[in-house]
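Here is the structure we will look at, set down as structure tokens.
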């Protein structure tokens, strides 16, 4: 049986989600990859336990996470909870999402009320939970009226199936359309989950980070290491066991000679900061005041322990900022 580290809260830094009362750890664990049916259960359990032992209280899932079928990550997380972590349920922030295709027919995708409520019911059963701490609509629906999606999120909270509401992959224009409805309904919307990294800065140009600060919601960003680019894995080419080597990323064509040179120069800056490239990349994302938490993916407990250190060094000198900006 699992007994948590008594000193788990001594170092981790926690930050409010915008103007809400909820804090998240600066580093959160995402269960997008390496938590499916075909993955090693002992490894995924160790990653969750090591995360919690080091102050990571936020575990981020979605209905479609896991391979070879969606939902297997939630099933495995439910088993991990059963094997000791469930004793600490009130210390955990468990988030899940719905918005991508999950079952056949017209009611298993996007943002209609029937799908969102049915999907969350299934997610809660897989994890054996009474409620999710945060429930996200996973992507904007171009065909369902935005009022219907907002009303479904409102109903989910009123039914006690989620404590807070989030939106994922919503850009500024889409946020500006749904925010007034959520505010009018008094839905506890607290967070947006976009992609963001040194090599993927779209939200700055879109103004999403400025909107988050102005409107008082947080950002929990995913893919902060740009599918592994911002690690030491590709500094000398493509290892066979990497995501690119296995054909598990859609941005493989971007890893050209110029990119490798850029990554090595960023790595040099990280070394002068006494950080690994991945640690600096996470610290850089966290230096944006709009960002509440970075959601890391991992394939081993060692990666988690390494990347947690980024939470303790989020300040950059002016010279470091200038050198990084020139490369980016």
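Numbering (my numbering), first residue to last: 1152 to 1479. Every residue gets a Cβ at the ideal spot worked out from N, C-alpha and C, and that includes glycine.
Report task. Confirm the yes/no value for this check: CB of residue 1264, any heavy atom of the ligand PLP, distance under 7 Å. Result -> Of ligands this structure carries none, so the ligand PLP is not represented either.
Query - Where the alpha helix (DSSP H) containing residue 1378 begins and where it ends - result: Per DSSP, residue 1378 belongs to no alpha helix (DSSP H) and is neither H nor E.
Query raised in the report: For residue 1445 versus residue 1179, is the C-beta distance shorter than 8 Å?
Result: Judged by their CB atoms, residue 1445 and residue 1179 are nearer to each other than the 8 Å cut-off.
Query raised in the report: Where do the N-terminal and C-terminal ends of the alpha helix (DSSP H) with residue 1153 fall, by residue?
Result: Under the DSSP assignment, residue 1153 falls outside any alpha helix (DSSP H); it carries neither an H nor an E label.
Query raised in the report: To the nearest whole angstrom, what separates the beta carbons of residue 1452 and residue 1201, a pair I think is in contact under 8 Å?
Result: Right, the Cβ-Cβ distance comes to about 4 Å (below 8 Å), so this counts as a contact.
Query raised in the report: If you check the beta carbons only, do residue 1315 and residue 1345 fall under 8 Å apart?
Result: No, Cβ-Cβ distance for residue 1315 and residue 1345 is not below 8 Å.
Requested in this report: Identify the continuous beta strand (DSSP E) that holds residue 1211 and give its terminal residues.
Outcome: Per DSSP, the continuous beta strand (DSSP E) segment holding residue 1211 begins and ends at 1209-1211.
Query raised in the report: DSSP on residue 1317, reduced to helix/strand/coil?
Result: In the three-state reduction of the DSSP assignment, residue 1317 falls in the strand class.
Query - residue 1215 burial status per 10 Å Cβ neighbour count (16 or more: buried) - result: Burial call: buried.
Query raised in the report: Nearest CA to the CA of residue 1321: which residue from 1335, 1362, 1284, 1281?
Result: If we check each option's Cα against that of residue 1321, 1362 comes out closest.
Report task. Just the C-alpha distance for residue 1379 and residue 1405, rounded to the nearest angstrom, thanks. Result -> Answer to the nearest angstrom: the Cα atoms are 12 Å apart.
**Report entry** Length at least 3, wholly inside the segment 1156-1200: the beta strand (DSSP E) runs in chain order
**Finding:** As for any beta strand (DSSP E) of minimum length 3 sitting wholly inside the segment 1156-1200, the runs are 1165-1167, 1174-1176, 1178-1181, ordered along the chain.
Query raised in the report: Comparing alpha-carbon positions, which option in 1369, 1370, 1428 lies nearest residue 1385?
Result: Relative to residue 1385, the option among 1369, 1370, 1428 whose CA is nearest is 1428.
Report task. Note down, one range per segment and in chain order, each beta strand (DSSP E) of at least 3 residues found wholly within the segment 1268-1310. Result -> The segment 1268-1310 contains these whole beta strand (DSSP E) runs: 1283-1288.
Report task. Starting from residue 1323, trace the beta strand (DSSP E) both ways and give me its first and last residue. Result -> DSSP places residue 1323 in no beta strand (DSSP E) but in the uninterrupted alpha helix (DSSP H) bounded by 1323-1336.
Query raised in the report: How about residue 1175 and residue 1465: do their beta carbons lie closer than 8 Å?
Result: Their beta carbons are not under 8 Å apart, which means residue 1175 does not touch residue 1465 by this criterion.
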